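Please read the structure below before turning to the comments.
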Amino acid sequence: MASSSTKRSFDTYAEDDGNEPSSSSTLPLPKKTRSDADPALWDMISSLPPLTTSTILWQICAQDPKLAELVKTAHDSHLAEEASKPPENFDNYSKDCWHTLNMKYKRMSSSKQYNMMGDIVAVLDRSREAIMDKAGPDTRWETRRNALDILRKISKSIMLCEEQQIRHELMKDGYALQQFADSMLELTNGMTEEEKDRYKDEGLYEKLVDLQNECDWETDMEGLRDVYEAFDGPADDEDEGGEGDDDDEPSGLNESPESSAPKDVSGSTPPRKRVFSVVELS
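For what it's worth, the numbering used here labels the leading residue of the sequence shown as 168, then goes sequentially.
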């Protein structure tokens, strides 16, 4: 004979002392309760910092293998969706920045160009941030490759800006170029060694190295050093391993006349062009 136990409401599952049931309870929540979740909870979750949300979700998955599998499935689905998308093309940002630097304020006097520097920097910042937003670590390789190359092109546009007042202010401040170097480093650090090799095989790293020829990069864009090291590792220090006493000797005492003579760098550093176009930045 079947037992005639009656259904208990959610409230009756409370402990004898009036507290809510412990997390060890294996009784599932009624379906009606799941659909009646407090709508305000979604707003609370949405307002949490991403790291906090990720931490909570990770802790929940550590306790529930089924939820962990759900997260893995969602992640795999996201990767498959990203892989099926065409790579992002960021050429419009490069052209917009070039136009802003070279054409938009061309007819203005130097003093008026100076007053517009806030707007010019804002265009550069918005373009860089938009590129980085679309080239996250989970995006396909071609998108991240395009992003890094366009950041290089915009940096070159700044260095070769034809409007001398605008170029002077940007190079003197150094903030804009450093921001671009930081973003390029972030993209490079997100690459695997195989992806870095692909970047080199496509000839894009060579263009990135050529960027140092367009300015006094150790002063104007020092962050390039970190980008190069991310690709190739730290540069070998020629002074490393030498005797300490040698550092105290005046330079040139032990050098031959040939070694102390100025080196001809004309072959390695191409002359800067006075007039250039968007096409020349590629």
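Using N, Cα and C, we set each Cβ at its ideal position, and we do this for glycine too. Just so we're clear, the structure is a prediction, and the values are computed from it rather than from any experiment.
Check this for me: beta carbons of residue i and residue j, under 8 Å apart or not?
i, j, result
"L315", "L354", "yes"
"I325", "I298", "no"
"N356", "A397", "yes"
"L246", "R312", "no"
"G341", "D387", "yes"
"L531", "I227", "In this structure the chain extends from 168 to 449, so residue 531 is not present and cannot be described."
Just verifying my parser: in three-state terms, what is the DSSP assignment at residue i?
i, result
"T359", "coil"
"K323", "helix"
"F257", "coil"
"L215", "coil"
"T306", "coil"
"M236", "Contrary to the premise, residue 236 reads as Glu rather than Met in this sequence. Residue state, collapsed to three classes: helix."
"G285", "helix"
"K252", "coil"
"C328", "coil"
"Y342", "helix"
"C228", "helix"
"E416", "Confidence in E416 is poor, its pLDDT being 40 and thus under 50, which makes the residue's placement too unreliable to answer from."
"D383", "coil"
"E389", "coil"
"A204", "coil"
"S276", "coil"
Would residue i be called buried (16 or more neighbouring beta carbons within 10 Å of its own) or exposed?
i, result
"Y272", "buried"
"R274", "exposed"
"R123", "The requested residue 123 is not part of the displayed model; the chain covers only 168 to 449."
"N256", "exposed"
"L344", "buried"
"E461", "Because the chain here runs from 168 to 449, residue 461 falls outside it and cannot be looked at."
Since residue i and residue j should fall inside the 8 Å C-beta cutoff, what is the C-beta to C-beta distance between them, to a whole number of angstroms?
i, j, result
"S261", "R295", "Contact doesn't hold; Cβ gap of about 11 Å is too wide."
"K323", "L378", "6 Å"
"G390", "L337", "Contact flag wrong, Cβ pair sits at about 15 Å."
"T267", "I287", "6 Å"
"T222", "I212", "Not confirmed; about 13 Å, so no contact."
Can you tell me the Cα-Cα spacing of residue i and residue j, whole angstroms?
i, j, result
"D258", "A250", "21 Å"
"F144", "A204", "Nothing about residue 144 can be reported from this structure: the residues present for the chain run from 168 to 449 only."
"T240", "I321", "38 Å"
"M283", "K374", "31 Å"
"L224", "L237", "11 Å"
"N269", "Q280", "11 Å"
"C328", "R334", "5 Å"
"W209", "D300", "24 Å"
"P401", "E360", "15 Å"
"G285", "E381", "24 Å"
"Q332", "E362", "39 Å"
"P254", "R365", "16 Å"
"E385", "M358", "24 Å"
"Y395", "D231", "44 Å"
"K199", "C264", "Residue placement at K199 is flagged as unreliable, the pLDDT there being 45, under the threshold of 50; a coordinate-derived value is accordingly withheld."
"E369", "W308", "13 Å"
"K367", "P304", "19 Å"
Would a check of beta-carbon distances place residue i closer than 8 Å to chain B?
i, result
"P254", "Of the chains in the structure shown, none is chain B; there is only one protein chain."
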